[in-house]
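Protein chains: 2
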Amino acid sequence: MRTAVITVGKEVLTGKTVNTNLATISRMLNQIGIDTNRSFVIDDQKEEYYKILDFIDEELIIFTGGLGPTIDDISRETVIDYFGVDASINQEVLKGINEYFDQIGLKMDDTNNKQAYFPKKSVILHNDLGTAPGVIFSKGEKTIILFPGPPHELLPMLKESIEYLKKKLKIRLYSKGFRMVGIGESVMEKALIGFYELHPNVNIAPYASVGEIKYVFTSNKIIDLESAMNQFKKKFEEYIYGDLNDTLESIIVESLTKKKLIISVVESCTGGLLAGSITSVNGSSRVFAESIVTYSNEAKVKYLGVSLNTLNTHGAVSIECAYEMVDNLYNKTISDVCVSVTGIAGPTGGTKEKPVGLVFFGINYKGNTKTYKRIFNGNREMIRKRATIYALNLVRKELNQL
Amino acid sequence: MRTAVITVGKEVLTGKTVNTNLATISRMLNQIGIDTNRSFVIDDQKEEYYKILDFIDEELIIFTGGLGPTIDDISRETVIDYFGVDASINQEVLKGINEYFDQIGLKMDDTNNKQAYFPKKSVILHNDLGTAPGVIFSKGEKTIILFPGPPHELLPMLKESIEYLKKKLKIRLYSKGFRMVGIGESVMEKALIGFYELHPNVNIAPYASVGEIKYVFTSNKIIDLESAMNQFKKKFEEYIYGDLNDTLESIIVESLTKKKLIISVVESCTGGLLAGSITSVNGSSRVFAESIVTYSNEAKVKYLGVSLNTLNTHGAVSIECAYEMVDNLYNKTISDVCVSVTGIAGPTGGTKEKPVGLVFFGINYKGNTKTYKRIFNGNREMIRKRATIYALNLVRKELNQL
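As given, the protein sequences belong to chains A and B, one line each in that order. Quick note: the first sequence uses this note's numbering, first residue 1, plus one each step. Quick note: the second sequence uses this note's numbering, first residue 403, plus one each step.
This is the structure in structure tokens:
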């Protein structure tokens, strides 16, 4: 089904807003095997809608934006009128909008009435997070979907529309995936040469971000999907940390909670990001005791009893320092797992022997200490992010005894 | 000058990549008074280029993507051929690409030659960060610009093109602005009623993000620009922390460095984000001593000597605890400024008396302690972000004695 996605709004054309809606819509369509053919951004002028609608020949036409109550919001009436389908104010929807206003303690005025103007034959996409409902309707061979612009209002409607399209087009698709860490996209792609061909009925797509990668598997045959995923899992087990809904932090907090373990961390170059990411998980206060950011040597000595001899002989960025930091933290706290990070995030501070990106890690799990050395590339922000993910992954592997 | 921006690439149409290039290009055009009229995303097929080029009537046509060396990268030859301008391999550009390959230690193969195919009359946009140069050329009344897809390669070329357009269109525009914190967009907009009308020659545009806002002023008359900015500054001085190149963190690190002061922080609900944001600034190790994340009550007692009486009577989320945390941190360290944060980030853990979003802050500057109470709205991530910005702003105000 060839698809056109049309975003309406001045804020996208002036660059005030990045058009994330296009990515959200296209990704979800792609997962049920529908390709976005072309995409457009237009201004909220009637003639702009008409020019584009005259131009496109796609069968599925999706608009986002321009459904609100203001005089500039003309998507609903303009598109419905363009296709000439029979439409009127839907009393049930009107009642719903009224109730929404009651709920948020405001009085509804007449300008909101138009938000209930819908084709008589249509699927109304209810909006629990705002006033403007979306709609799906047909004209001949064409299916038209109208979504509001705000991403959080669009998302539940998009999910509903995906279900509608799957039913209408008799698409039976299953979609699952893995989240992975500790392996790069290019290494993965090399390792996967020949793998895709073994699974012709399964769409396998990678999505990479700094330090992480996820693979989404989609198929209309659950047995093919599971077979591909099982083989994939066997091949890459040590890098897979969870399914698509997991995050590395949530996996760790869940694992610590189950095992009734307490974690504490001491960080230097990541400067609080490691603690920040663990504590981003709701409920982490049950398993996270404390974190110390020992940027200065003085703090390393005072809080952790790192020896002056180590600092003078090997420096703060050294395997010896990482070892003492984590070992002393373990001995000072009631924690079961402790992690230390010390390194050079740059852009300044590097030397030939100790370049920017050099990071040492220590982990102590129930009294046993291990240390690790890595050199990360990228700018300051990327090095800090990669070091944080690396440390989280160390914890995951230790907890799973990988 | 009516403008069309055309993004080429399957990765945008499948939702793998968010189209940030459109926002970057449009924002910079907007700042010199050029409006993006429409935008398109197309697949890298010759007929798709022709369909769109036949359709559009804009005078400025900007392409991004499809300039690389692979067989799928056809923007350059397709667009040049469509406009039928005289073109050939530019030997100087070819030499530059060769040198780039030498530099990164790779051998250039013939497929890269086509990246030097340019109209004889054109402005070549050199690429220091990749192999594909961009180009500006004209055909009749139309100006055509081709950029590569990777955002970091595009940006320097975009800046060069903006200068080219300013010269060609005789645009003399000045653009400056303020970054602000501690005031919301809606409050600002109310306060600015009537202000815009007083400065008809100045374009004033707000860009809001969680907890922060910036205002960009643009005008072709420097005297009008400065007059508007001076009046704006007088009105909102206490909320302005810097110009467009500053961040709240960089301002604080700069200010601490100048005054030769050391900062340390103790955080609970922000869980490391406050330390993480200060240490994101290169050179922060000179002014940042240490941070403790005392998630557990035990850690609050052990590291900071918060009294059990305070914890039992008032709880960890209280003005008393914020006071003791920061006061004891000040007494234990060699720091000149100390900050404490304790609160409830949610989504669970709130009560009627202490709702989710309640955060207490303490700041001790050279021995004087002040405390603050705030209730933030939003989800866990937003509350943590807002609390971090609030704490940074407390430091800024204290250092500036505001």
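The C-beta atom is built at its ideal place from N, Cα and C for all residues, glycine as well. Computed from a prediction, not measured in an experiment: that's the story for all the values here.
- In the DSSP assignment, PHE520/B falls within the beta strand (DSSP E) that extends over 519-521.
- Setting aside the 5 residues that flank it on each side, HIS152/A is surrounded in the same chain by LEU129, each with a C-beta closer than 8 Å to its C-beta; the list follows chain order.
- Within 7 Å of the CB of LYS16/A, the CB atoms of chain B belong to TYR609, in sequence order along the chain.
- With contacts defined as CB atoms closer than 7 Å, GLY362/A and ALA391/A fail to qualify as a contacting pair.
- According to DSSP, VAL410/B shares a beta bridge with ILE444/B.
- Scanning its chain for C-beta atoms nearer than 8 Å, with the 5 sequence neighbours on each side dropped, one finds around THR472/B the residues THR513, in chain order.
- When beta bridges are read from the DSSP output, GLU290/A appears opposite SER264/A and THR696/B.
- Within chain B, the C-beta atoms nearer than 8 Å to that of PRO347/A come from ASN684, in chain order.
- Nearest to VAL668/B by alpha-carbon distance, out of THR649/B, ALA610/B, LYS541/B and VAL741/B, is VAL741/B.
- Per DSSP, VAL123/A lies in no alpha helix (DSSP H); the unbroken beta strand (DSSP E) holding it starts and ends at 123-125.
- Distance from the CA atom of THR696/B to the CA atom of SER291/A, rounded to whole angstroms, is 7 Å.
- In this structure, VAL341/A lies near ALA387/A, with their beta-carbon atoms less than 7 Å apart.
- Sixteen is the threshold: since fewer than 16 other Cβ atoms of the shown chains lie within 10 Å of the Cβ of TYR598/B, the residue is exposed.
- The beta carbons of SER524/B and ILE547/B sit about 10 Å from each other, so the pair does not count as a contact at 8 Å.
- The C-alpha of ARG786/B lies about 23 Å from the C-alpha of TYR705/B.
- Using beta-carbon distances, THR342/A does not count as an interface residue toward chain B, since no partner is under 7 Å.
- Counted as a single uninterrupted DSSP element, the beta strand (DSSP E) harbouring TYR617/B occupies residues 614-621.
- Counting only residues of its own chain and dropping the five nearest sequence neighbours on each side, SER318/A has a CB closer than 8 Å to the CB of THR310, THR342 and PHE360.
- The C-beta distance from GLY644/B to ARG688/B rounds to 20 Å, too long to fall under 8 Å, and the pair is not in contact.
- Scanning the stretch 70-135 of chain A for uninterrupted alpha helix (DSSP H) segments of 4 residues or longer gives 75-83 and 91-103, listed from N- to C-terminal end.
- At a Cβ-Cβ threshold of 7 Å, SER611/B and TYR576/B do not count as neighbours.
- For MET784/B, the secondary structure class from DSSP, reduced to helix, strand or coil, is helix.
- Taking a beta-carbon distance threshold of 7 Å, ILE476/B does not count as an interface residue toward chain A.
- Against chain A, the CB of ARG574/B has no partner CB under 7 Å away; the residue lies outside that interface.
- When 7 Å is used as the limit between beta carbons, THR422/B is near these residues of chain A: VAL18, in chain order.
- Not one beta carbon of chain B lies nearer than 7 Å to the beta carbon of VAL359/A.
- Close partners of TYR697/B in chain A (Cβ separation under 7 Å): THR279, SER285, PHE288, ALA289 and GLU290.
- Rounded to whole angstroms, the separation of the alpha carbons of ASN90/A and ILE204/A is 42 Å.
- Here ALA132/A is near GLY68/A, since their CB atoms are less than 7 Å apart.
- Membership of MET727/B in the alpha helix (DSSP H) is indicated by the continuous run 721-734.
- Under the Cβ distance rule, ILE61/A does not count among the residues neighbouring chain B, no pair being separated by less than 7 Å.
- Residue-level contact check: ASN647/B does not touch chain A, since none of the beta carbons of chain A fall below 7 Å from its beta carbon.
- Not a single CB atom of chain A sits nearer than 7 Å to the CB of LEU794/B.
- Cβ neighbours of LYS159/A within its own chain (closer than 8 Å, five residues either side excluded): MET28.
- With 16 or more other Cβ atoms inside 10 Å of its own Cβ, ILE526/B counts as buried.
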